[in-house]
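Step one of this worksheet: look at the structure below.
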Amino acid sequence: MIKREKYLSKIKPFINKPIIKVISGIRRCGKSVLLTLIQNDLKEHGISEKNILNINFETVEGMQYLEKEHLLKRLLSFLKDKSEKSYLFLDEIQEVLGWEKVVNAIQTEFDTDIYITGSNARLLSGDLSTYLAGRYVNIQVHPFSFSEFCDLMADHTMSEKELFKKYIILGGMPFLKYMDLEYESSMQYLSDVYNSVVMKDIITYHKIREVDLLDRIIRYIMDNTGHTFSANSISKFFKSEGRKVAVDTIVNYLSICENAFLIKKCFKEDLKGKKILKIYEKYYIEDHGFREALIARNTTDIQQILENIIYTEMISRGYQVTVGKVEEKEIDFVCKKNKELVYLQVCYLLADEKTVNREFSVYDHIKDNHPKFVLSMDEIDFSRNGIRHMNIVKFLKSKLSAFILK
27 MIKREKYLSK IKPFINKPII KVISGIRRCG KSVLLTLIQN DLKEHGISEK
77 NILNINFETV EGMQYLEKEH LLKRLLSFLK DKSEKSYLFL DEIQEVLGWE
127 KVVNAIQTEF DTDIYITGSN ARLLSGDLST YLAGRYVNIQ VHPFSFSEFC
177 DLMADHTMSE KELFKKYIIL GGMPFLKYMD LEYESSMQYL SDVYNSVVMK
227 DIITYHKIRE VDLLDRIIRY IMDNTGHTFS ANSISKFFKS EGRKVAVDTI
277 VNYLSICENA FLIKKCFKED LKGKKILKIY EKYYIEDHGF REALIARNTT
327 DIQQILENII YTEMISRGYQ VTVGKVEEKE IDFVCKKNKE LVYLQVCYLL
377 ADEKTVNREF SVYDHIKDNH PKFVLSMDEI DFSRNGIRHM NIVKFLKSKL
427 SAFILK
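Be aware that the sequence shown starts at 27, since it is given in our numbering, and climbs by one per residue.
Now the structure itself:
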């Protein structure tokens, strides 16, 4: 079991605090394992197992409590006559209709520390905001980063460079450990997970009728990962194929896919005007392995995949990420966290001087002193004019702070 310290470190400050810990993320990204890690940590610190209740609502046992009345009865039975603090772990809580009222009542009336997980961002909207306003914290979990992927595959004798080639194709879903890096079985597994996300968290959850249209939109997003476009662009694309689709419908479907954590929207930021441009965004995939399972072109479209990997890496490290626009040039990623600001430009290979000039010149109009990086697969260091060049594999395996402070 990989101990995912970057998520545990976010949760630990809230343990034993009267605030509900909401752990969200795409299906099968490791939320249940994270709950187990938290429970193990509690036990190591002297919490008795009799004071810990874990319910996974997608198991046979958990299905007994899909009605809120049954869930409330089970919780009351567990909490009855407890003189010490109790710890409740409610996994995939969105399966229980009306769960917000139950959790709110239990939190209010009993000495409990509550942890819940969910696979849909709407878990944090609507009634949750109403009933639990100011009394919950959300931690989003992502599939494995490359560094975690290396830990997962520690039994293999491959070099980091070889493992990264596998990561480009397979992505970072934790269960891939059991596929032993074998392509066909990995693709079958990823297809099954993808279908589960689409069916349970999109089609069923939102009662989607135009399933074929949804599939076409998702494939369009995956095909154009990291490219700038708008809902209007997609509408025009469909029109060119003889299919009329309203822009509002596309916007709605994109939002639904975001809520299911399948894709992420990355806004453009005008770095001169200091404002977010809410047109012509970019979209990235939560796990690029799904793209390989769907359209099988990750190595062919490696520039797009490298961008996707860097984007999700920075998001998982807790940065807010935008695409930077300055004059007529575009900086791939502007990453902000607290008072920290880092610029990243991503390229597959700096193949010639023309490419080097193109990638480094995006910073010509950025006159601040914040760190600026060009990331590529090159082994040679092309750093110049205060702009740091780094190999992507090295970047992904390193703590960014170590380089910012140099």
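Where is the CB? At the ideal position from N, CA and C, for every residue including glycine. Owing to the predicted nature of the structure, the values given are computational and were not obtained by experimental measurement.
Query, Result
"Helix, strand or coil at L422 [DSSP, three-state]", "helix"
"For G144, the residue or residues it bridges with in DSSP", "S50"
"CB of S256 within 7 Å of CB of I305, strictly", "yes"
"C-beta contact flag for F170 and G144 at 7 Å", "no"
"For G198, the first and last residue of its enclosing alpha helix (DSSP H)", "Per DSSP, G198 belongs to no alpha helix (DSSP H) and is neither H nor E."
"DSSP-derived helix/strand/coil call for I28", "coil"
"Contacting residues, own chain, Cβ-Cβ under 6 Å from I368 (five flanking each side not counted)", "First, the amino acid is wrong: residue 368 is Val here, not Ile. Taken in chain order, the residues that qualify are C361, P397."
"Reference F316, options V349, L202, I418, closest by Cα", "L202"
"Simplified DSSP assignment, three categories, for H415", "strand"
"Sufficient close CB pairs (3 or more, under 8 Å) joining the stretch 49-67 to the stretch 105-117", "yes"
"Which listed residue (Y345, E356, A286, N324) has its alpha carbon closest to that of E307", "E356"
"Close Cβ partners of G252 (< 7 Å) along its chain, the five nearest in sequence each way excluded", "K308, Y310, Q330, E333, N334"
"I111, buried or exposed, once every other Cβ within 10 Å from all chains shown has been counted against 16", "Note on residue identity: the sequence assigns Lys, not Ile, to residue 111. Exposed, because fewer than 16 other Cβ atoms sit within 10 Å of the Cβ of K111."
"Alpha-carbon spacing of R323 relative to L196, whole angstroms", "11 Å"
"Range covered by the alpha helix (DSSP H) that runs through D218", "209-222"
"Cβ neighbours of L60 in the same chain (closer than 7 Å, five flanking residues each side left out)", "R30, Y33, I49, V167"
"Member of K192, S424, S103 whose CA lies at the smallest distance from the CA of I132", "S103"
"Straight-line Cα distance separating D394 from M27", "43 Å"
"Those runs of the beta strand (DSSP E) which lie wholly inside the stretch 321-391 and span at least 3 residues", "346-352, 355-363, 366-372"
"Contacts around G350, its chain only, beta-carbon distance under 6 Å, and the 5 residues preceding and following it disregarded", "E295, L297, I357, V360"
"Beta-carbon gap between L97 and V129 smaller than 7 Å", "no"
"Separation of P200 from L426, as counted between CA atoms", "24 Å"
"Between the CA atoms of R235 and K38 - distance to the nearest angstrom", "42 Å"
"Three-state secondary structure (DSSP) of D296", "strand"
"Cβ contact (3+ pairs, closer than 8 Å) linking the stretch 62-71 and the stretch 179-198", "no"
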